[in-house]
Amino acid sequence: MSNDLGKLVLRLTLGILMLLHGIAKLSAGADGIVGMVASYGLPGVLGYLVYVGEVLAPLLLIVGLWTRPAALVVVINMVVAILLAHMGQLGQLGKSGGWALELQGFFLFTAVAVALLGGGGSAWAVGSTDPFARSNTAPWHYLWSLPMFKVPPVTAERLQLLLRAMPKAELHIHIEGSLEPELIFALAQRNGVSLPYASVEDLRHAYAFTNLQSFLDIYYAGASVLLHEQDFYDMARAYLARAAMDNVAHAEIFFDPQTHTARGVAMETVINGLHRACADARSELGISATLILCFLRHLSEASAFEALEQAQPLLDKIVGVGLDSSELGHPPEKFARVFARCRALGLHRVAHAGEEGPPAYIWSALDALKVERIDHGVQAMHDAALMQRLAQDRIPLTVCPLSNQKLCVFPDLKNHNLRQLLDAGLCATVNSDDPAYFGGYINENFTQVFAATAMTARHAYQLAFNSFEASFVSNADKRVWEHRLKETFERFVEHD
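For the sequence shown, the working numbering begins at 1 and goes up steadily by one.
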């Protein structure tokens, strides 16, 4: 609330003062400005454009409509005014003792601040209720997030190859959900665990999920074969080998320790096995990987605090915490105190929200848990104000198309809203979720959703770029991977 109020004060201050300035200039007539512009050899008619920057744009700022583009217009207007009219006066003292540059600097940098911050949330801006708000802000946010790289068109056939070849980050992968039936049976035999399935084929036939809960029932049964550090190592190492083949440069891996500690497996057994696999994959496969500890939302707050306490000696081996498991009936605010503690410990924070749950769960994850990313988030399309907030604040969504289809979130991939999320300016990414259960790793998610929704090479570049920007790595690493992404597209087009 305080952040929105601060943005509102900033926007109204800039808009009202600039509007009064523009009205005063308008009342004096345009002849002086037209003459000044003409004296620089420019068409005099350009002088009338000053009223766009000093009357129309301030009005948009005051009502909160298209706030960022309006602020950018003011920035351009002030830069031109300083260059043409005020450059020689900036160092002069006025009669009151102030420097001339103070007023120009105030208008210029206040406009820059509004362009960066936006207008102040759903309660303060007409744009939040404007039915055209999403389509009108999309080009602005696309420009804001994407480097100046023109992505050429690519044929549908070649696009499928490009999707597989481009470097990418995977930010939504449950490592227990990467357990292939063959590995489940191998670990069960190694550990003497009996399974309710006679064969690998019988287990695969059981993957007939109708919703999230029916999937989770079999998911937890599969995880029961994980008992020793080597089991967790083998599981993670198998996923990372597959991810490297899919040109995943970086993976942020979810794991559910409560699933294992409830069976008597020690927290250090889980984390040490996974962390060792990540370290070996970096040195042997060249893939970067980090760990995110997820709390099970169907369990109690006390259970989450207990898991966090058990993990404290090992926090140097994880980068953040998340919230997963059954969404409906378990709103994010149930774990507000747990996430506040994690924030105090310096951990990154993500949460599943808006998969089967309503947009209100996404709001709660943002406001009550203070998360930095939303996992899934596809239900945001049903709330225009939420869409605007996600776009303006660049909150990433880790979308999982094949998971959404398998769990009947969407009846078919052609009905998936990934393209609409991207075109609305949201920082969406593509991920595999639980690839062993949902029939596809990250490249299958890319190729199948692109084939179903007719997305283009521009969308592919944006999705891969978003995945690096949304990751919890250094800016230096992001720039390296983004440069590699750009090179991949350039090489691909050269040989097209």
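Just so it is clear, CB atoms sit at the ideal spot from N, CA and C, and this is done for glycine as well.
CA nearest to the CA of residue i, picked from the options
i: residue 398; options: 421, 386, 412 and 382; result: 421
i: residue 443; options: 166, 108, 330 and 198; result: 166
i: residue 247; options: 55, 467, 333 and 70; result: 467
i: residue 185; options: 158, 226 and 360; result: 226
i: residue 264; options: 228, 190 and 283; result: 228
i: residue 171; options: 492, 474 and 470; result: 470
i: residue 205; options: 189, 181 and 15; result: 181
i: residue 276; options: 73, 245 and 231; result: 231
i: residue 274; options: 175, 358 and 345; result: 175
i: residue 445; options: 465, 402, 479 and 452; result: 402
i: residue 415; options: 448, 452 and 400; result: 452
i: residue 177; options: 400, 117, 9 and 410; result: 400
Backbone CA spacing between residue i and residue j [nearest angstrom]
i: residue 266; j: residue 272; result: 10 Å
i: residue 437; j: residue 223; result: 12 Å
i: residue 21; j: residue 107; result: 11 Å
i: residue 65; j: residue 419; result: 24 Å
i: residue 11; j: residue 24; result: 20 Å
i: residue 342; j: residue 321; result: 7 Å
i: residue 240; j: residue 380; result: 31 Å
i: residue 488; j: residue 376; result: 27 Å
i: residue 198; j: residue 183; result: 14 Å
i: residue 354; j: residue 362; result: 6 Å
i: residue 160; j: residue 301; result: 44 Å
i: residue 347; j: residue 27; result: 56 Å
i: residue 243; j: residue 441; result: 8 Å
i: residue 526; j: residue 7; result: Past the edges of the chain, shown from 1 to 496, lies residue 526, and the structure says nothing about it.
i: residue 450; j: residue 105; result: 47 Å
i: residue 366; j: residue 434; result: 24 Å
i: residue 110; j: residue 77; result: 13 Å
i: residue 217; j: residue 286; result: 35 Å
i: residue 477; j: residue 207; result: 38 Å
i: residue 220; j: residue 430; result: 24 Å
i: residue 245; j: residue 413; result: 24 Å
i: residue 372; j: residue 350; result: 6 Å
i: residue 164; j: residue 112; result: 39 Å
i: residue 392; j: residue 189; result: 51 Å
i: residue 56; j: residue 475; result: 38 Å
i: residue 383; j: residue 234; result: 42 Å
i: residue 358; j: residue 284; result: 42 Å
i: residue 340; j: residue 80; result: 46 Å
i: residue 115; j: residue 68; result: 4 Å
i: residue 492; j: residue 282; result: 26 Å
As assigned by DSSP and simplified to three states, the class of residue i
i: residue 314; result: helix
i: residue 164; result: helix
i: residue 138; result: Confidence at residue 138 is low in this model, with a pLDDT of 38, below 50, so its placement is unreliable and no value can be given for it.
i: residue 472; result: coil
i: residue 231; result: helix
i: residue 127; result: Its pLDDT being 46, under 50, residue 127 is placed unreliably in this model, and the value from its coordinates should be taken loosely. Residue 127: helix per DSSP, three-state reduction.
i: residue 170; result: strand
i: residue 434; result: coil
i: residue 64; result: coil
i: residue 440; result: coil
i: residue 348; result: strand
i: residue 278; result: helix
i: residue 143; result: With a pLDDT of 42 at residue 143, under the threshold of 50, the modelled position of that residue is not reliable, and no figure is offered here.
i: residue 288; result: strand
i: residue 497; result: A question about residue 497 goes unanswered here, because the residues of the chain that appear run from 1 up to 496.
i: residue 320; result: strand
Beta-carbon proximity list for residue i, same chain, < 7 Å, skipping 5 on both sides
i: residue 280; result: 237
i: residue 209; result: 215, 406 and 407
i: residue 368; result: 332, 333 and 336
i: residue 338; result: 295, 301, 304, 305 and 308
i: residue 299; result: 258
Proximal residues to residue i (C-beta, below 6 Å), its chain only, five neighbours per side dropped
i: residue 394; result: 427
i: residue 60; result: 66 and 70
i: residue 356; result: 212, 327 and 328
i: residue 278; result: 289
i: residue 318; result: 291 and 293
i: residue 252; result: 171, 290 and 292
i: residue 324; result: 294 and 352
i: residue 134; result: With a pLDDT of 34 at residue 134, under the threshold of 50, the predicted position of this residue should be treated as unreliable, and no value is reported.
i: residue 151; result: 457, 458 and 461
Beta-carbon contacts of residue i that lie in its chain and below 8 Å, excluding the five residues immediately before and after
i: residue 153; result: 456 and 457
i: residue 132; result: With a pLDDT of only 31 at residue 132, under the threshold of 50, the placement of this residue in the model should not be trusted, and no figure is reported.
i: residue 481; result: 167, 169, 249, 250 and 468
Heavy atom of the ligand PLP within 8 Å of residue i beta-carbon
i: residue 113; result: Ligands are entirely absent from the displayed structure, and the ligand PLP is therefore not among its contents.
- Query: Are the segment 417 to 432 and the segment 371 to 388 touching, with three or more C-beta to C-beta distances below 8 Å?
  - Reply: Per the Cβ contact rule, the segment 417 to 432 is in contact with the segment 371 to 388 (3 or more Cβ pairs under 8 Å).
- Message: I'd like to know if the segment 240 to 259 and the segment 291 to 298 are in contact, where contact means that at least 3 CB-CB pairs between them fall below 8 Å.
- Response: With the rule of 3 Cβ pairs closer than 8 Å, the segment 240 to 259 counts as touching the segment 291 to 298.
- Message: If contact is defined by three or more beta carbon pairs under 8 Å, each pair taking one atom from either stretch, is the segment 186 to 194 in contact with the segment 296 to 316?
- Response: Segments in contact, no.
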